Amino acid sequence: MVFFLLQGDFKAMEAFEERDRRIAKDELNTIEFPISLPCHRPPKGRSTILITEEGKDAQGRPVSRQWKVEGLKGLPLAIDEEVLLGLSHLLYRQGFKERHVYFTQHSFLQLLNWSTGRAEYKRLRQSLNRLRGVNIESRGIFWDHKGKCRVTDSFNLIDGYSLYERDSADHDQPFISRVSFSDFMFQSFQAGYIKSLDLDFYLSLKHPIARKLFRYLDKQSYQAQIFDIDLTRLMEKLAITDIAYPSKIKQKLEASHKELLDRGFLDRVFYIRRGRSPAVRYKMAPRDTWVKGSRPSTRPLQVNEHPLTRELITRGITRTVARSLLAAHGEKSIADKLEVFDHLRSQESPMLSKNPAGFLRSSIEKDFAPPADYISRVERQRRKDEELAARQLQEDAAQHEEKQRADKRAQLDALWESLTTEERSDLEIKAFERLNPFARKNYRQEKDAGHRGSGHYTLRAELDVLLATQYLGLSEDPSSGAHPIPAQPAFSASQEP
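Note that our numbering has the sequence shown beginning at -16, numbered continuously upward.
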C-alpha cells in the first residue's frame, strides 16, 4: 500500500539549507487533510472533522473520497498540531529508526518554546491525551498498488505515551519520557511521504490559522510560487466549516494573511473568481525573505563539546553527568556502552522501557556486561572482513583454475591444428576404441541421426586425453575442461570400426 502523495518528489526539491534551522518532517497526508481545529478552545458541539470530495481518477471514472477525524478526548486543537510537529522533529533527529521518540518533558517544552511551569506540563499531558484518542477514517484516498484499488483505512496518530516526572531535586538523573507513533504514521514517515518544515518559523507564528496556512501553502510552493484555491475548498483544508459567505471567509483570514505578509512568507494575496466560485490567489515569497520571529529557541549543544558527550546528551544524559562520565570512564568504555545501548533500543528491550537514560548511566558506572546475543561493531567488522577474505580466496582460486583450463585448451587446440589428416584419423580411431559399449552405441546413433549428444562429447574428451598423453607427455587426466575438437570429426564409413 502507498500513502496519498499529491504531486512531486519532495525529497528532490528540498534544496534549501537545513543546517541553521530546526526542522520538522511534516507528514503529507496531515497537510492535505486536516487533523486538528485552528483554535485554542474546542467549539461546542463540534466532534468531527469531515471532508468529502467528488472527482475523477486518471481514467476519467468518478471517485468519491472522504476524510473523517473523530476524537475520544475531543478533537485535536492548534496546540496538538504543535506537539505532533515537535514529536516529528524528534523522530527525524533519531533517524526514523523506531516509532518511539524519547525526551525529557523539560527539553520538549523548551523545543516548543513553552515555559516550564507546572501548567505547561499539564497542557502537554492533555494534548497527548487528545492525540492518543484520535481516530481517522479515510475512504478512497489511499491506493493499493498490488490490489489496483482504493482502500478504506482507519488509523490513529499515536498509540501511547509514558511521561515521567521528578520526585526529587536530583537534576543529574533525568527521567526519559516516550511517545509511540502508530504503525500507520511511522510507516508513512519511513516511506518518505514527508516534507521539511521550518519548525522555528512555524512556532513563531501567532495565529493558529496562519500556522495551518503556512503548512499548506509551503507544501504547494514546491510546485509553483503562485497557487489558486476556491475559498470554500480552502476552508475545508483549514477545518473551518462554520463560515459559508465569502465576505465572512475573507474576514476570518484577514489577520492570518497580514501576519504571513508581514513575516515575508507571502508576497501578495489576491481575491479572484474561478468560474462562478470566489477564490484566492497566493503568491509565495522566496525563502530568504522570511522574517524570523523573536521567540527564543532551545540552547544548542556547544560547538567544542566532545562528540561522545554529545552522544550521551542526545540519549537523555544531562551535560554535567555526560562530561563526568567521560572523564571518569574514558572514551572506549563510553563508546562501547553507547553501542550496546543502541542495540538494546533497536531490539525494544524491556530493560529500557522505564528509564533508558538511567539504564545507560548505570551501565557505564557499573560496567554492565553486554547481552548474550550482542555482537560488537568491531567483531561484526572482523567477521565481515574474514568472510570477504575467504570469498576473495575462492574467487582467486576459481580464476586461477579457469586460466589453467583455458591455457591447456589453447595448447591442445594448437596441437590438433598441427597434426596431419592421417594423424588425426589415427587418434579418432584410438579414441573410439577407448569408449565403453554404451558410449559407442550412443555415438553411432547420433552419427546416423546427424546430431551431436553425449556420445559425441565423450569421444572428444578421449581425444583430449590422447593428445595430452601422446604429444605433451602429461599424465592421463580425463577431466581436462572444455573440449573444442574440430567441428566435423574425421571419421569416415571405412575408418569406423
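Built from N, CA and C at the ideal position, the CB exists for glycine as well.
These numbers come from a predicted model, not from an experiment.
query, result
"Simplified DSSP assignment, three categories, for Ala262", "strand"
"Beta-carbon contacts of Glu1 that lie in its chain and below 7 Å, excluding the five residues immediately before and after", "Note that Glu1 scores a pLDDT of 39, beneath 50, so its modelled location is shaky and nothing firm can be said."
"Simplified DSSP state of Ser359, which is helix, strand or coil", "coil"
"Every unbroken beta strand (DSSP E) inside the stretch 395 to 463 [3 residues or more]", "none"
"Buried or exposed (CB count within 10 angstroms, at least 16 for buried), Gly456", "exposed"
"Identity of the residue in Leu186, Phe138 and Thr224 nearest Ser171 by Cα", "Phe138"
"Reference Arg82, options Thr301, Ala207, Ser329 and Ser90, closest by Cα", "Ser329"
"Phe172 at chain D interface by Cβ criterion, 8 Å", "The structure shown contains no chain D; it holds only a single protein chain."
"Beta-carbon separation (whole angstroms), Leu343 vs Ala318, contact threshold 8 Å", "Actually they do not touch by this definition, with Cβ atoms about 13 Å apart."
"Continuous alpha helix (DSSP H) stretch holding Thr292: start and end", "Pro290 to Thr297"
"Beta-carbon proximity of Glu15 to Ile177, cut-off 8 Å", "no"
"Any 3 or more C-beta pairs closer than 8 Å across the stretch 187 to 197 and the stretch 17 to 28", "yes"
"Simplified DSSP assignment, three categories, for Pro191", "helix"
"Which of helix, strand or coil DSSP assigns to Ile32", "strand"
"Bounding residues of the beta strand (DSSP E) (the contiguous stretch that carries Phe351)", "Element bounds for Phe351: n/a, residue is neither H nor E."
"Helix, strand or coil at Lys8 [DSSP, three-state]", "strand"
"DSSP state of Arg181 mapped onto helix, strand, coil", "The displayed chain sequence assigns Asp, not Arg, to residue 181. Strand at Asp181."
"Any 3 or more C-beta pairs closer than 8 Å across the stretch 441 to 453 and the stretch 400 to 416", "yes"
"Sub-8 Å separation of Asn419 and Gly436 beta-carbons", "no"
"Within 8 Å, strictly: CB atoms of Lys220 and Ile226", "no"
"Nearest residue (CA-CA) to Phe351, options Gly28, Ile223, Thr272 and Phe324", "Phe324"
"Alpha-carbon spacing of Leu308 relative to Glu314, whole angstroms", "9 Å"
"C-alpha gap between Gln77 and Lys8, whole angstroms", "12 Å"
"Phe421 burial status per 10 Å Cβ neighbour count (16 or more: buried)", "exposed"
"With 16 other Cβ atoms within 10 Å as the buried cut-off, status of Asn338", "buried"
"As assigned by DSSP and simplified to three states, the class of Tyr254", "strand"
"Reduced DSSP category for Asp211 - H, G, I as helix; E, B as strand; rest coil", "strand"
"C-beta atoms of Thr99 and Ser121 nearer than 8 Å", "no"
"Bridge-paired residues (DSSP) for Lys39", "Pro45"
"Cα-Cα separation between Lys367 and Leu295, rounded to whole angstroms", "28 Å"
"Member of Asp181, Met334 and Ile347 whose CA lies at the smallest distance from the CA of Ala311", "Ile347"
"Close beta carbons around Lys80, own chain, < 7 Å, minus the five adjacent residues each side", "Ser329"
"Proximity to His72 [Cα-Cα], best of Leu376, Ile300, Ile6 and Asp211", "Ile6"
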